[in-house]
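Remarks on the structure that follows.
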Amino acid sequence: DRFHIVQHLTNAFKMIRIQEMNKLNRHSGEEAKKYRRLKRFWRLSQKDYSCLSSESKYYPLFDRYISAQDIALELANYSPVLGSLSSCVESLKTDSFRLLLFSFLIRVLRWF
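So in the numbering used here, spot 88 of the sequence shown is number 74, and the numbers just go up one at a time.
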């Protein structure tokens, strides 16, 4: 069912995020910032983009005013793998995926 598909993708996303974080040097300047940002704001990359706030707030980790939507986009741009995976998880949560899955299930049931 859809819940278990999303659960497996969420776990895979978490494992890939950790792998990408471990590739970063935690002690150098810019890579250490990316590591801390990925570690602190990982939940934003798993939420629906439309549900994230567009209101800018000051985040010391970014040294500027930035919205939650912009943080999610910036985290996705840290790695091409994270960017493509976050868009894949996002598409699974939309209605178009539900319709696609429903039509696929109807076709499978017709075979039996």
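Don't be surprised by glycine CBs; every beta carbon is placed ideally from N, CA and C. As the structure is a computational prediction, the values presented were derived from the model and not from experiment.
Bridge partners - residue i, DSSP secondary structure assignment
i, result
"Arg26", "Paired residues: none, contrary to the question."
"Ile52", "Lys43"
Buried or exposed (CB count within 10 angstroms, at least 16 for buried), residue i
i, result
"Tyr64", "buried"
"Ala58", "buried"
"Lys95", "Rather than Lys, the amino acid found at residue 95 in this sequence is Leu. Exposed is the call here."
"Leu24", "buried"
"Tyr44", "exposed"
"Leu91", "exposed"
"Ser72", "buried"
Residue i vs residue j beta-carbon contact at 8 Å
i, j, result
"Leu30", "Ala(-2)", "no"
Cβ separation of residue i and residue j, assumed to be a contact under 8 Å, to the nearest whole Å
i, j, result
"Glu76", "Asp34", "7 Å"
"Tyr51", "Ser42", "4 Å"
"Leu68", "Arg3", "6 Å"
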